[in-house]
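Chains A and B, in that order, give the protein sequences.
To convert, count from 1 in the first sequence and add 276; that's this note's numbering.
To convert, count from 1 in the second sequence and add 688; that's this note's numbering.
Just so it is clear, CB atoms sit at the ideal spot from N, CA and C, and this is done for glycine as well.
Have a look at the structure below before the remarks.
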Amino acid sequence: MSEADLIDDTGEEPAILTLPLDAWHRARGGRMVEFAGYHMPVQYEGVMPEHLWVRDSAGLFDVSHMGQLLFRTEDGADLDGALESVLPGDIAGLKPGRQRYSLLLAEDGGILDDLMVTRLPDENPFDVQGLYMVVNGATKFDDIAYFLDQLPEDVLINHMEDQALLALQGPKAVDALARLVPGVRDLVFMTAAPFEWDGKPVWIGRSGYTGEDGFEISIDGAYVEALADALCAQPEVKPIGLGARDSLRLEAGLPLYGHDLDEAITPVVADLGFALSKRRREEANFPGATRILAEREGGPAVKRVGLLVEGRQPVREGAAVLGADGGEVGRVTSGGFAPSLNAPIAMAYVPAALAAIGTRIQLSQRGKVHHATVTAMPFIPHHYVR
Amino acid sequence: MSRYFTEDHEWVDVEGDTGTVGISEFAQGQLGDIVFVDVPEAGKALTKGGDAAVVESVKAASDVYAPVSGTVTEGNPALADNPALVNEDAEGQGWFFKLTLSDPSELASLMDEAAYAAFVAKQ
Numbered sequence: 277m278s279e280a281d282l283i284d285d286t287g288e289e290p291a292i293l294t295l296p297l298d299a300w301h302r303a304r305g306g307r308m309v310e311f312a313g314y315h316m317p318v319q320y321e322g323v324m325p326e327h328l329w330v331r332d333s334a335g336l337f338d339v340s341h342m343g344q345l346l347f348r349t350e351d352g353a354d355l356d357g358a359l360e361s362v363l364p365g366d367i368a369g370l371k372p373g374r375q376r377y378s379l380l381l382a383e384d385g386g387i388l389d390d391l392m393v394t395r396l397p398d399e400n401p402f403d404v405q406g407l408y409m410v411v412n413g414a415t416k417f418d419d420i421a422y423f424l425d426q427l428p429e430d431v432l433i434n435h436m437e438d439q440a441l442l443a444l445q446g447p448k449a450v451d452a453l454a455r456l457v458p459g460v461r462d463l464v465f466m467t468a469a470p471f472e473w474d475g476k477p478v479w480i481g482r483s484g485y486t487g488e489d490g491f492e493i494s495i496d497g498a499y500v501e502a503l504a505d506a507l508c509a510q511p512e513v514k515p516i517g518l519g520a521r522d523s524l525r526l527e528a529g530l531p532l533y534g535h536d537l538d539e540a541i542t543p544v545v546a547d548l549g550f551a552l553s554k555r556r557r558e559e560a561n562f563p564g565a566t567r568i569l570a571e572r573e574g575g576p577a578v579k580r581v582g583l584l585v586e587g588r589q590p591v592r593e594g595a596a597v598l599g600a601d602g603g604e605v606g607r608v609t610s611g612g613f614a615p616s617l618n619a620p621i622a623m624a625y626v627p628a629a630l631a632a633i634g635t636r637i638q639l640s641q642r643g644k645v646h647h648a649t650v651t652a653m654p655f656i657p658h659h660y661v662r
Numbered sequence: 689m690s691r692y693f694t695e696d697h698e699w700v701d702v703e704g705d706t707g708t709v710g711i712s713e714f715a716q717g718q719l720g721d722i723v724f725v726d727v728p729e730a731g732k733a734l735t736k737g738g739d740a741a742v743v744e745s746v747k748a749a750s751d752v753y754a755p756v757s758g759t760v761t762e763g764n765p766a767l768a769d770n771p772a773l774v775n776e777d778a779e780g781q782g783w784f785f786k787l788t789l790s791d792p793s794e795l796a797s798l799m800d801e802a803a804y805a806a807f808v809a810k811q
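Structure follows, in structure tokens:
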């Protein structure tokens, strides 16, 4: 068999960093791989059982590799306006404790990252008046460099490298977390608030990236092991690795940066038009606005779609989408076996002519042709608590 | 009957000039839940070390190589409906294919059970 798939990357490469829960993952049997420059658990008992456990109960994910950033200004300078110069979302309209999904855009409208931004309420564990942002781990240093380059000098950015981030996801996440932090029941999807756990300040939002109800919990890295232990002591909760995180978000129709999104793709092509807030569209003053609004008006030439793949064999990232003449007209950007559907699914970029729901298309992988049907995403319904 | 292993974690049971090929218990454990197996059809000529089959877990696709050269006589028909057989019984009912060996002297380069166990212990 091909070695690369079998032998884990557990070599002692000094360039690979460790996160606060590194020893905790290993003690719980996590199989560690390199991801976004860190040692991370890809699985504990197996991708399939972990995936199904999250859909049925609650799973704990260590997402401390992601970048947690604070933005503020001094002397009342316009922070929202500054962020709106690089994001197409309505930041000024974001109320305290409200979260929003947004996109970091290059000058030509290409997507540099996708992120979550939250207006901090007056009282918060970071003791900052401004915005809290979570960006992808693999892109965080590039994002920070871009912010520093693009934003006015009076915008101050704090990268909280010692802050850990946990995601607790699944229909029973609320029951498990509310036993430790009772107030979280009052949060609804895409809101966040300060809490205390065991006398320690925590920042908790009701959001995630699995399509299930759940929470993201920011806590000082010095206390995260105790919190992870307390959460996994709840009967509903098991630790879950990156493998299931990927299959869960794929079923939820959620794009993964670096795979389904990159700097050559605009928000409309990525079918993320909802991230273009109405006021921002009317003002047309975000990066790439002319191009992006024209795509929104006239329809993009290519588009991200969901695919139900026929048969049992997964069609994965890199497979070609074939046109009528058998030539390549698009690419699969994520694909795999969907445990909750018991069938292979994928995301792909296809020409507009092939993007309508129900269109049957051909894919080519390692010299073999597969058939698939364009389908609406999410592949399984979201279960957010609004 | 003798069982031989490759460094790529395939096994082959040899009886006369007939070999039965699969992946090792260690390999299935590393792959995790297997969702699809593409086995070769009867009549296909395989070369030692060349692509022979594909095994897909939830996570990834992996090539399975021919441990010895020969001509395929049968793919395991049970794997189409139940690829999880490889997880349940990798070195038994979860076999991938049978072949007629074209050069039994190739077996000399493979490991026996004890040597493979020592090889895996170092992984």
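For residue i, the residue or residues it bridges with in DSSP
{"i": "Ala648 of chain A", "result": "A:Val585 and A:Ile637"}
{"i": "Thr415 of chain A", "result": "None, per the DSSP bridge assignment."}
{"i": "Met689 of chain B", "result": "None, per the DSSP bridge assignment."}
{"i": "Arg580 of chain A", "result": "A:Tyr625"}
{"i": "His315 of chain A", "result": "A:Glu310"}
{"i": "Pro515 of chain A", "result": "A:Leu336"}
{"i": "Leu798 of chain B", "result": "According to DSSP, which records beta bridges pairwise, Leu798 of chain B is partnered with nothing at all."}
{"i": "Leu444 of chain A", "result": "A:Leu336 and A:Phe491"}
{"i": "Lys786 of chain B", "result": "B:Thr708 and B:Glu762"}
{"i": "Glu348 of chain A", "result": "Checking the sequence shown, residue 348 of chain A turns out to be Arg, not Glu. Note: Arg348 of chain A sits in a beta bridge opposite A:Leu432."}
{"i": "Glu699 of chain B", "result": "Note that residue 699 of chain B corresponds to Trp in the displayed sequence, not to Glu. Trp699 of chain B pairs with B:Phe693 and B:Gly710."}
{"i": "Ala749 of chain B", "result": "B:Glu744"}
{"i": "Lys476 of chain A", "result": "A:Trp473"}
{"i": "Tyr533 of chain A", "result": "A:Leu537"}
{"i": "Thr666 of chain A", "result": "No information on residue 666 of chain A is available, as it lies outside the stretch 277 to 662 that chain A covers here."}
Closest Cα partner of residue i within the set the options
{"i": "Gly758 of chain B", "options": "B:Phe724, B:Asp739, B:Ala766 and B:Ser690", "result": "B:Asp739"}
{"i": "Gly634 of chain A", "options": "A:Thr649, A:Ala334, A:Pro296 and A:Asp438", "result": "A:Thr649"}
{"i": "Thr651 of chain A", "options": "A:Thr609, A:Leu630, A:Ala600 and A:Ser616", "result": "A:Leu630"}
{"i": "Asp419 of chain A", "options": "A:Val404, A:Met342 and A:Gly373", "result": "A:Met342"}
{"i": "Asp384 of chain A", "options": "A:Gly612, A:Thr566 and A:Lys579", "result": "A:Thr566"}
{"i": "Gly335 of chain A", "options": "A:Gly357, A:Asp505 and A:Lys579", "result": "A:Asp505"}
{"i": "Asp351 of chain A", "options": "A:Lys476, A:Pro627, A:Val581 and A:Leu432", "result": "A:Leu432"}
{"i": "Ala454 of chain A", "options": "A:Val500, A:Asp398 and A:Glu512", "result": "A:Glu512"}
{"i": "Phe260 of chain A", "options": "A:Val410, A:Tyr320, A:Gly369 and A:Leu295", "result": "As displayed, chain A neither begins before 277 nor continues past 662, which places residue 260 of chain A out of reach and without an answer."}
{"i": "Val585 of chain A", "options": "A:Met436, A:Phe311 and A:Gly612", "result": "A:Gly612"}
{"i": "Pro563 of chain A", "options": "A:Pro543, A:Pro397 and A:Pro325", "result": "A:Pro543"}
{"i": "Ile656 of chain A", "options": "A:Lys644, A:Val309, A:His301 and A:Ser616", "result": "A:Ser616"}
{"i": "His659 of chain A", "options": "A:His327, A:Ser483 and A:Asp390", "result": "A:Ser483"}
{"i": "Gly313 of chain A", "options": "A:Phe337, A:Glu326, A:Thr415 and A:Asp354", "result": "A:Thr415"}
{"i": "His435 of chain A", "options": "A:Ala632, A:Val661, A:Gln510 and A:Phe417", "result": "A:Phe417"}
{"i": "Ala628 of chain A", "options": "A:Leu530, A:Tyr533 and A:Arg580", "result": "A:Arg580"}
{"i": "Thr735 of chain B", "options": "B:Thr788, B:Ser750 and B:Val808", "result": "B:Thr788"}
{"i": "Ala358 of chain A", "options": "A:Arg331, A:Asp390, A:Leu424 and A:Lys554", "result": "A:Leu424"}
{"i": "Gly517 of chain A", "options": "A:His327, A:Asp389 and A:Gln439", "result": "A:His327"}
{"i": "Lys476 of chain A", "options": "A:Val457, A:Asp332, A:Asp547 and A:Ile568", "result": "A:Val457"}
{"i": "Ile621 of chain A", "options": "A:Trp300, A:Pro515, A:Val591 and A:Ile568", "result": "A:Val591"}
{"i": "Ile387 of chain A", "options": "A:Ala546, A:Asp601 and A:Phe337", "result": "A:Ala546"}
{"i": "Gly322 of chain A", "options": "B:Ala741, B:Gly731 and B:Val746", "result": "B:Val746"}
{"i": "Val464 of chain A", "options": "A:Leu503, A:Asp389, A:Glu573 and A:Gly373", "result": "A:Gly373"}
{"i": "Gly481 of chain A", "options": "A:Ala468, A:Leu370 and A:Thr294", "result": "A:Ala468"}
{"i": "Asp403 of chain A", "options": "A:Glu360, A:Ala502, A:Trp479 and A:Asp332", "result": "A:Trp479"}
{"i": "Arg662 of chain A", "options": "A:Leu598, A:Ala498 and A:Asp462", "result": "A:Asp462"}
{"i": "Ala715 of chain B", "options": "B:Gly704, B:Ala733 and B:Glu695", "result": "B:Glu695"}
{"i": "Leu503 of chain A", "options": "A:Ala452, A:Ser553, A:Ala421 and A:Thr294", "result": "A:Ala452"}
{"i": "Gly780 of chain B", "options": "B:Glu713, B:Leu798, B:Ala749 and B:Ser690", "result": "B:Glu713"}
Integer-rounded CB distance, given that residue j should sit under 8 Å from residue i
{"i": "Gly707 of chain B", "j": "Lys786 of chain B", "result": "7 Å"}
{"i": "Arg556 of chain A", "j": "Gly365 of chain A", "result": "7 Å"}
{"i": "Pro470 of chain A", "j": "Asn400 of chain A", "result": "5 Å"}
{"i": "Gln641 of chain A", "j": "Ala595 of chain A", "result": "4 Å"}
{"i": "Tyr320 of chain A", "j": "Arg304 of chain A", "result": "6 Å"}
{"i": "Gly606 of chain A", "j": "Val626 of chain A", "result": "4 Å"}
{"i": "Glu744 of chain B", "j": "Ile722 of chain B", "result": "7 Å"}
{"i": "Gln344 of chain A", "j": "Leu441 of chain A", "result": "6 Å"}
{"i": "Gln439 of chain A", "j": "Asp354 of chain A", "result": "Not confirmed; about 26 Å, so no contact."}
{"i": "Trp783 of chain B", "j": "Val702 of chain B", "result": "Going by Cβ atoms, the distance from Trp783 of chain B to Val702 of chain B rounds to 13 Å, so no, they are not a contact pair."}
{"i": "Gly549 of chain A", "j": "Arg572 of chain A", "result": "6 Å"}
{"i": "Pro515 of chain A", "j": "Gly306 of chain A", "result": "7 Å"}
- Report yes or no: do the stretch 510-526 of chain A and the stretch 445-459 of chain A share at least 3 C-beta pairs separated by less than 8 Å? Flag = yes, the stretch 510-526 of chain A and the stretch 445-459 of chain A touch.
- Contact the stretch 721-739 of chain B vs the stretch 760-778 of chain B: 3+ CB pairs below 8 Å: Three or more Cβ pairs drawn from the stretch 721-739 of chain B and the stretch 760-778 of chain B lie within less than 8 Å of each other, which places the two stretches in contact.
- Task: Within the stretch 591-623 of chain A, note down every full beta strand (DSSP E) run reaching 3 residues or more, in order along the chain.
- Result: Complete beta strand (DSSP E) runs here, min 3: 596-598 and 604-614.
- Message: Would the stretch 532-548 of chain A count as touching the stretch 377-387 of chain A if we require 3 or more Cβ pairs under 8 Å?
- Response: These segments touch.
- What residue ranges within the stretch 377-439 of chain A form continuous beta strand (DSSP E) runs of no fewer than 3 residues, ordered along the chain? Scanning the stretch 377-439 of chain A for uninterrupted beta strand (DSSP E) segments of 3 residues or longer gives 387-395, 407-411 and 431-435, listed from N- to C-terminal end.
- Quick one: complete alpha helix (DSSP H) runs, 4+ long, within the stretch 482-530 of chain A? Qualifying alpha helix (DSSP H) stretches, in chain order: 500-508 and 518-527.
- At a cut of 8 Å, does the stretch 580-595 of chain A reach the stretch 387-404 of chain A through at least three beta carbon pairs? These segments do not touch.
- Item | Against chain E: residues of the stretch 770-796 of chain B by CB proximity under 7 Å | Given the protein chain composition of this structure (A and B), no chain E is represented.
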